[in-house]
Amino acid sequence: MIRCTYTRPRKLRLYGPRDLQRIDQLQRLTPADRRSIAAAACVFPFRVNNYVVEELIDWSNWQDDPIFNLTFPQRGMLDDADFQLIYDCLLRGGQQLRLARLVRRIRRKLNPHPAGQIDLNVPYLDGEPLPGLQHKYRETVLFFPRPGQTCHTYCTYCFRWPQFIGDPDLKIASADVTSLVNYLERHQEVTDVLITGGDPLVMSARLLQGIIEPLLSPRLRHVVNIRIGTKSLSWWPYRFLTDRDSDDLLRLFTRVGQAGRHLAFMAHVSHPRELEPPEVGRAMARILQTGAVIRCQSPLVRHVNADAETWATLWSREVALGAVPYYMFVERNTGAVHNFEVPLLAAWEIFRDAHSSVSGLARTARGPSMSALPGKIVVNGVATIHGQDVFALEFEQARDPDWVGRPFFAELDPTATWLDDLHPAFGRDEFFFADAMRDFQRQRAQKLREIKAQA
Ligand SMILES: *Cc1c(COP(=O)(O)O)cnc(C)c1O
Ligand code: SF4
């Protein structure tokens with residue numbers, strides 16, 4: 078491995094909700110603007126590091142800056158009444174109890190676990206739930222290692238936000254690699270494990286090795302693809318350059334390839350700006366050198382990346398740096414979604430305009446994709462069929478693999494932002510999967526009852 082000698086080590090500084098005074102760049106804001114950020118940061122997780130503050134945000138235009146909007150909680154994330162209550166609390170000061178109650182009440186309203194993540198996706202082994210795992214699509218198991226449930230910086234739009242606010246009821250995480258391995262041994266249909274968070278690359282190389290090494294055992298030969306979901310390239314590229322265990326981390330990636338498996342580095346990149354600093358290109362080159370493939374994905378988010386040119390630049394830059402554009406997601410229906418969501422029609426227009434303006438190498442991205450209860454549904458576009466305008470939809474992933482790739486149609490509704498808003502076209506009562514979905518939910522509820530009865 079080529080040692081990284083051309084990047085100077087950077088000392089990490091993290092800022093949380095109590096450190097707003099310590100961020101020099103924020104002092105150019107008015108006290109009212111700073112208090113607005115503080116108010117939103119009472120409800121939503123806030124953490125930003127010195128690299129993001131110093132290198133990625135254009136402070137001369139902070140209000141419209143995509144990375145500022147991606148990392149600093151904002152007034153628009155709360156409804157006006159809630160915002161005012163918290164703001165007044167902060168203004169008066171010394172109202173800790175009242176504030177804590179307010180915050181709890183507001184958080185409960187924000188749909189902390191969308192798409193049945195716990196009820197429908199947590200798998201069972203010998204009648205025991207495995208809370209740090211999710212198994213929704215046949216071939217892929219998600220693993221949430223407990224020490225990987227934070228991030229170098231938090232994204233304001235993150236649908237995993239309940240995991241960061243320290244509410245144990247809302248956390249999904251596991252410290253138990255043995256259960257993961259046992260589960261995989263019994264599930265030969267699983268080809269992919271996705272280690273996710275949070276950001277698992279906040280973990281040390283040693284901890285990560287403790288998860289990955291057991292997956293490379295010959296008994297788990299069917300697990301071909303080890304995926305790591307991470308935003309470290311964007312939030313802390315030094316993770317792959319000059320951190321104390323950067324070289325160990327890259328050696329671990331190499332080791333995956335040597336064991337005959339594929340390391341799929343699933344990078345979350347929201348905006349082309351994140352790929353501009355030279356450190357990021359160097360980090361990507363080092364990752365690629367291990368034999369890993371970098372695939373990039375992100376949601377489409379108002380105030381951050383809601384225009385075609387941004388996506389075209391993003392995908393082209395990814396390709397130029399050796400990465401593969403993968404998914405454009407539709408912002409999930411949780412948290413401050415109302416502040417960030419883009420209607421499906423507008424999302425498709427942005428996707429299409431971007432997709433049609435780049436080279437074929439950058440057209441590997443799929444989307445806009447909704448990760449909904451039955452599966453990942455892509456909006457393929459608008460079609461006019463016998464004079465009626467409809468959305469053409471398709472599953473990219475589904476609870477039942479047989480649903481994948483079958484075109485289906487919904488009435489065109491320019492304001493719809495999620496599957497729940499859509500109605501089947503051509504006078505049908507339900508989408509083709511509705512019956513099977515109900516069956517699945519019934520079976521799952523039945524199984525839960527049986528397990529409870531045994532316990
Ligand atoms: C997106 C997702 C996957 C992976 O889907 P791919 O299309 O294979 O990338 C797996 N499990 C869950 C729960 C997901 O949301
Ligand atoms: S890095 Fe990923 S998990 Fe962490 S806050 Fe951002 S979107 Fe959420």
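Count the sequence shown with the working numbering and you get residues 78 to 532, in order.
Backbone N, C-alpha and C define an ideal beta-carbon position, used for all residues, glycine too.
| Check | Outcome |
| --- | --- |
| Mind checking who Glu395 pairs with in its DSSP beta bridge? | Bridge partners of Glu395: none, in fact. |
| If you run the structure through DSSP and keep just helix, strand and coil, what is Lys88? | coil |
| Between the C-alpha atoms of Trp480 and Phe510, what's the straight-line distance to the nearest angstrom? | 7 Å |
| Does the distance from the C-beta atom of Leu297 to that of Val333 stay below 8 Å? | no |
| Assign Asp246 to buried or exposed, taking buried as 16 or more other Cβ atoms, counted over all protein chains shown, within 10 Å of its Cβ. | With a pLDDT of only 48 at Asp246, under 50, the local geometry of the prediction cannot be trusted, and the value read off the model is given with reservation. Under this definition Asp246 is an exposed residue. |
| Please classify Leu247: does DSSP put it in a helix, a strand, or coil? | In this prediction, Leu247 has a pLDDT of 48, which is less than 50 and means its spatial position is unreliable; what the coordinates show is noted afterwards. DSSP places Leu247 in helix when its eight states are reduced to three. |
| How many Å lie between Ile163 and Ser113 at the Cα? | 9 Å |
| Could you tell me whether the Cβ atoms of Phe317 and Ile364 are closer together than 8 Å? | yes |
| For ligand 1, is there a heavy atom less than 7 Å away from the beta-carbon of Ser448? | yes |
| By how many angstroms is the C-alpha of Arg152 removed from the C-alpha of His415? | 12 Å |
| Between Asp142 and ligand 2, is there a pair consisting of the residue's CB and a ligand heavy atom that are separated by less than 7 Å? | no |
| Please determine whether the Cβ atom of Lys308 lies at a distance below 7 Å from any heavy atom of ligand 1. | no |
| Check whether the Cβ of Tyr128 lies closer than 7 Å to any heavy atom of ligand 2, and answer yes or no. | no |
| Could you check where the beta strand (DSSP E) with Lys308 kicks off and where it finishes? | Premise fails: Lys308 is in no beta strand (DSSP E) and is neither H nor E. |
| When you measure from the CB of Cys228 to every non-hydrogen atom of ligand 2, does any distance come out below 7 Å? | yes |
| Taking the continuous alpha helix (DSSP H) assigned at Thr217, which residues delimit it? | Unbroken run through Thr217 is the beta strand (DSSP E), Thr217 to Phe220; no alpha helix (DSSP H). |
| Can you name the start and end residues of the alpha helix (DSSP H) that Asn259 belongs to? | Val254 to Arg263 |
| Could you spell out where the beta strand (DSSP E) holding Lys453 opens and where it closes? | Gly452 to Ile462 |
| Restricting to Cα atoms, I'd like to know which of Ala115, Ser281 and Val381 is closest to Asp536. | Beyond the ends of the chain as shown, which are 78 and 532, falls residue 536; an answer cannot be given. |
| So if DSSP puts Tyr404 in a beta bridge, which residue, or which two residues, is it bridged to? | Gln374 and Arg443 |
| Please report the Cβ distance between Ile144 and His348, rounded to the nearest whole angstrom; I am assuming they are in contact, meaning their Cβ atoms lie under 8 Å. | 6 Å |
| What are the start and end residues of the beta strand (DSSP E) that includes Tyr214? | Leu210 to Tyr214 |
| For ligand 1, any of its heavy atoms closer than 7 Å to the Cβ of Glu473? | yes |
| Looking only at its chain, what residues have a beta carbon closer than 6 Å to the beta carbon of Val419, apart from the 5 residues adjacent to it on each side? | Leu377, Arg379 and Ala383 |
| Would you kindly check if the distance between the Cβ of Ser309 and the Cβ of Asp276 is under 8 Å? | yes |
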